[in-house]
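Here the sequence shown stands for residues 3 to 171, numbered as in the working numbering. Take a look at the structure below.
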Amino acid sequence: MTEPNALDALLDELSARGDDSVEYSADDGDGVIEPAYANVSDWATDWLLPTVERRYAQGSRGGVYWCDKWWAHPEGLQRIYALWREWEKARVDDSMSTWWRDHLDPHLHALTGENGAFVACSPGRHYAPSLLPGQPLPPFILQLLPEGQAEADEPAQDSDLFAGQAVNA
């Protein structure tokens, strides 16, 4: 059990950290509010990592999987970058509750769950991500899409690709 004095000290520390690290930047007259953090790394280091609390998975014990090299996972970097950008909007709009529910919770689950990007990692142990395999999109398929039609020199030709051929997985 936490001693009352230790709890008071922790609350004081958290209050001070909140006051120092997350400030609303002043509108400089052009209607643009500057971000509180210069980049995703600063935000993750100064706000996300000290704020979010989860139990790490250990053996058969449930919990989340985390990688302290989150930035070395393409999905981790993209999702945490998106979280930072949405957090910057939510702090200005005073919609932090919505940010937690609609942004942090689903992204964190996608990263840290049993099928998430960080499943092979744990604090202090990073494994290179397993990326999805893929083959380049054939040009004729791109031509069938609206954005491909603008670039096409000639109309798309029909192909046997969609005519019941076996697809190698």
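Ideal Cβ placement from N, Cα and C applies to all residues, glycine included. As the structure is a computational prediction, the values presented were derived from the model and not from experiment.
One Cα belongs to residue 125, the other to residue 71, and the distance between them is close to 9 Å. If you look at residue 78, you'll find it in the alpha helix (DSSP H) that goes 76 to 95. DSSP places residue 124 in no alpha helix (DSSP H); its state is neither H nor E.
Listed in chain order, the non-local C-beta contacts of residue 92 below 6 Å within the same chain comprise 98, 101, local neighbours out to five positions each way being set aside. In the structure shown, residue 34 adopts coil according to DSSP, grouped into three states. A Cβ-Cβ contact shorter than 7 Å links residue 42 with residue 83. The Cβ atoms of residue 113 and residue 81 lie closer than 7 Å to each other.
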